[in-house]
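In the working numbering, the protein residues as written are 15 to 484.
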Amino acid sequence: MRLYNTLTRQQEEFAPADARTVRMYACGLTVYARGHIGNFRTFVCVDVLRRALKYAFGWQVHEVMNFTDVDDRTIAGAEKAGQPLREYTDQFIEAYRDDARALGLESVEDNPRATDEDNLRAMADMIKALDQRGHTYRSDGSIYFKISTLPGYGGLSRIDQSGIMAGARVDSDNYTKEDARDFVLWKATKPGEPTWDFGTGPGRPGWHIECSAMALRLLGQPPIDIHAGGVDLIFPHHENEIAQAEGATGKPFVRFWFHVEHLLVDDQKMSKSLGNTYTVPDLAARGYRPSAVRYLLMSGHYRKQLNFTFASLVQAEESLRRLTDFLARLGTVSGGDAHPEMAARVEEAATAFKNALADDLNTAAALAALFDLVRAVNSAIDAGDLSAPDAKVVSDCFARADQVLGVIGLRQQEEATPPVPASEIEELIDARQAARRRRDFSEADRIRQDLAGRGILLEDSASGTRWKRK
RNA sequence: GGCGCCGUCGCCAAGCGGUAAGGCAGAGGUCUGCAAAACCUCGAUCCCCGGUUCAAAUCCGGGCGGCGCCUCCA
């Protein structure tokens, strides 16, 4: 598949270096608060990438997504809550797992926490390696990376190093640095803050070292195949990760950098101060399904800003409904012989779907291929030209597509737990059918309206009545 | 001040030089006891102005508008 590589600023043909297993790292959540849907846009896009690599292109995947559970914000939050750091961050990791499940994120191979001892040790070891190669200095008990010792610094973000700012704010970190661009690897212990010592002196890790060290500890020798994250991380976080990993190993760190653009809300950046951050539970409380959120988050190209509005969420809901209604309808087809031309049409759609994914993960175009097939097959059903064997071919195609999209199955799971017990719905449908048979339509309509009031919609067709959630 | 992205039908959104995908919403029709679903029909020349080309939404130049990064941030 072709992927846009931030490092080269162009699309390149991607394959794992060993032609078998994609080794990828994604920057996860800093667990000082519940992740919002902007965070989850990145995670959903990375999930779709992961699934595409596995299910559409047949590679194995070893993905690492971390939890940053020690930094200024987590420490401040824990202190304010009067909880130990670990206990404080635990609750947000749990929340992440709940939301990830709700959004159908596949679990990844490794979810390291920065404060796990193995990881802290790996960070300390990397700092020691940097020290030996002359990339560090100490100041007030903290250890810094000396950018001037690494000539290639800045290659990812392509930031002009000479003319840094006039209008931009300078690093407000209140540690002492030799050069404003230098960044901290290991922060000296401050009163009341958690502290560790694995051979580099007491203190805690800087933000950037966490990812470099965990990526290489869990994925092995650099370069790794893919490193993913939100665009805001390009500088300084990813730039510094490169500096650390390459400074410590002398080898290239990452082959492909995959960056997801931001989610906006009402055309504005999401931020706490604007009060426009939403979490998955926030949206659920307003009656929106997580499946619709997932659909919305992956309906646009990952490298383009996506503007979140409730109107677009409703549209996502309806679009998804069309897919699930279609699959339900497929299930009612019975009898007949296979039509080769239908198999060919399905094959055409499957190819278009895969080609779209191969084109830098063009999910919008991939969905269009599916909707084209929906219309073609619906027409065939209307014309009585679709057999049960045909329907099987079609539904298999959708099942394969949904391995990558992960949204139809999610929706179907949500449908499986209706607000009214399924047995009661079935009884009411039977009662309504009896009423219809005796042409007591007012009673039939009453039952239908009663169920609608309780969130269940009925649809009559030649093959019987089906129900679905509103 | 520097770097970069974006501007396509009412809304969302593909398009990467060859004559505008798809979805939602809407209108009319078919089907239906009614409804729903489904199908059919109906919609844009692509922010503006120049230029290059046989041919531009797609390339170049200039505007206008929106956004991001340069600072913690997905």
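Glycine residues also receive a C-beta, built at the ideal position from the N, C-alpha and C atoms.
So the alpha helix (DSSP H) Glu355 belongs to, where does it begin and stop?
Per DSSP, Glu355 belongs to the alpha helix (DSSP H) from 354-372.
Hey, how far is the Cα of Gly261 from the Cα of Ala242?
Taking the straight line joining both Cα atoms gives about 20 Å.
According to the Cβ coordinates, are Leu199 and Pro219 closer than 9 Å?
Contact: yes.
Could you tell me the alpha carbon to alpha carbon distance between Ser153 and Lys160, rounded to whole angstroms?
Rounded to whole angstroms, Ser153 to Lys160 spans 12 Å at the Cα level.
According to DSSP, is Leu471 helix, strand or coil?
Reduced to three states, the DSSP call for Leu471 is strand.
Would you check if the distance between the CB atom of Asp61 and the CB atom of Gly96 is smaller than 9 Å?
Not in contact: Asp61 and Gly96 (Cβ atoms no closer than 9 Å).
Could you pull out every residue in the same chain whose Cβ sits closer than 7 Å to the Cβ of Tyr151, ignoring the five residues on either side in sequence?
Same-chain partners within the cutoff: Tyr158, Lys160, Glu192.
Could you pull out every residue in the same chain whose Cβ sits closer than 7 Å to the Cβ of Thr22, ignoring the five residues on either side in sequence?
Same-chain partners within the cutoff: there are none.
Output needed for Val122: all residues of its chain with C-beta closer than 6 Å, excluding positions within five of it in sequence on either side, in chain order.
Once the five neighbours on either side are set aside, the close Cβ partners of Val122 are Glu77, Met79.
Apply the 10 Å Cβ neighbour rule to Ser477 and answer buried if 16 or more other Cβ atoms are within range, or exposed otherwise.
Ser477 comes out exposed.
Express the C-alpha separation of Glu93 and Phe28 in angstroms, rounding to a whole number.
Between Phe28 and Glu93, the C-alpha separation is close to 45 Å.
Starting from the C-beta of Gly469, find all residues in its chain whose C-beta is less than 8 Å away, skip the five residues before and the five after it, and write them out in chain order.
Taken in chain order, the residues that qualify are Pro432, Pro433, Val434, Arg483, Lys484.
Rounded to a whole number of angstroms, what is the C-alpha to C-alpha distance between His251 and Ile223?
Cα to Cα, the separation comes out at about 9 Å.
Are Leu170 and Trp271 close, meaning C-beta to C-beta below 9 Å?
Yes. Within cutoff.
Hey, which unbroken runs of the alpha helix (DSSP H) at 4 residues or more fall wholly within the stretch 126-160?
Fully enclosed alpha helix (DSSP H) runs of 4 or longer: 131-146.
With the cut-off set at 9 Å, would you say Leu381 and Ser313 are in Cβ contact?
Cβ distance < 9 Å, so Leu381 and Ser313 count as in contact.
Using alpha carbons as the reference points, say which of Ala366, Ala449, Val360 lies closest to Cys411.
Of the candidates Ala366, Ala449, Val360, the one whose C-alpha sits nearest the C-alpha of Cys411 is Val360.
Does the beta-carbon of Asn53 have 16 or more other beta-carbons within 10 angstroms, so that it is buried, or is it exposed?
Label assigned to Asn53: buried.
Please return the same chain residues whose Cβ sits closer than 8 Å to the Cβ of Ser285, not counting the five positions on each side in sequence.
Thr291.
Report yes if the C-beta distance between Tyr266 and Pro295 is below 9 Å; otherwise report no.
What sits at residue 266 in the sequence shown is Pro, not Tyr. Contact: no.
Buried or exposed: which applies to Phe322, given that a residue is buried once 16 or more other Cβ atoms fall within 10 Å of its Cβ?
Phe322 comes out buried.
Buried or exposed: Phe324, going by 16 or more other Cβ atoms within 10 Å of its Cβ?
With fewer than 16 other Cβ atoms within 10 Å, it is exposed.
Roughly how many angstroms lie between the CA atoms of Leu283 and Pro205, to the nearest whole one?
One point to set straight first is that residue 283 is Lys, not Leu, in the sequence displayed. Each residue's Cα considered, the two are about 35 Å apart.
Label Phe455 either buried or exposed according to how many other C-beta atoms from any shown protein chain fall within 10 Å of its C-beta, with 16 as the threshold for buried.
Exposed, by the Cβ-count rule.
Can you tell me the Cβ-Cβ gap for Ser393 and Gly349, rounded? I've got them flagged as a contact below 8 Å.
Not quite, the Cβ-Cβ distance comes to about 19 Å (not below 8 Å), so this is no contact.
Find the nearest neighbour of Asp211 within the set Arg452, Ala405, Ser156, judged by alpha-carbon distance.
The residue with the shortest Cα to Cα distance from Asp211 is Ser156.
Going by Cα to Cα distance, which pick from Pro165, Leu17, Ala138, Leu320 is closest to Asp281?
The option with the nearest alpha carbon to Asp281 is Leu320.
Measuring straight from C-alpha to C-alpha, what distance separates Ile439 and Leu233?
Approximately 51 Å, taken between the alpha carbons.
Please name the residue in Val75, Arg100, Gly213, Ile238 whose C-alpha comes closest to that of Arg135.
Arg135 has its Cα closest to that of Gly213, out of Val75, Arg100, Gly213, Ile238.
Could you have a look at Met15 and say whether DSSP puts it in helix, strand or coil?
It is coil, neither helix nor strand.
Our contact map puts Ala70 next to Val418 with C-beta atoms below 8 Å; I'd like the distance itself, whole angstroms only.
Ala70 to Val418, Cβ: 5 Å. Contact.
Between which two residues does the alpha helix (DSSP H) containing Glu332 stretch?
Residues 324-344.
So, at 7 Å on beta carbons, what are the nonlocal neighbours of Val184 in its own chain, with the 5 sequence-adjacent residues on each side left out?
Because the pLDDT at Val184 is just 45, under 50, the model does not fix this residue reliably, and the point stays unresolved.
Can you grab the Cα-Cα spacing for the pair Thr56 / Leu337, in whole Å?
Approximately 24 Å between the Cα atoms of the pair.
Is the beta carbon of Phe81 closer than 9 Å to that of Val45?
For Val45 and Phe81, yes; Cβs fall inside 9 Å.
In terms of DSSP beta bridges, what is Leu320 paired with?
Answer is Leu277, bridged to Leu320.
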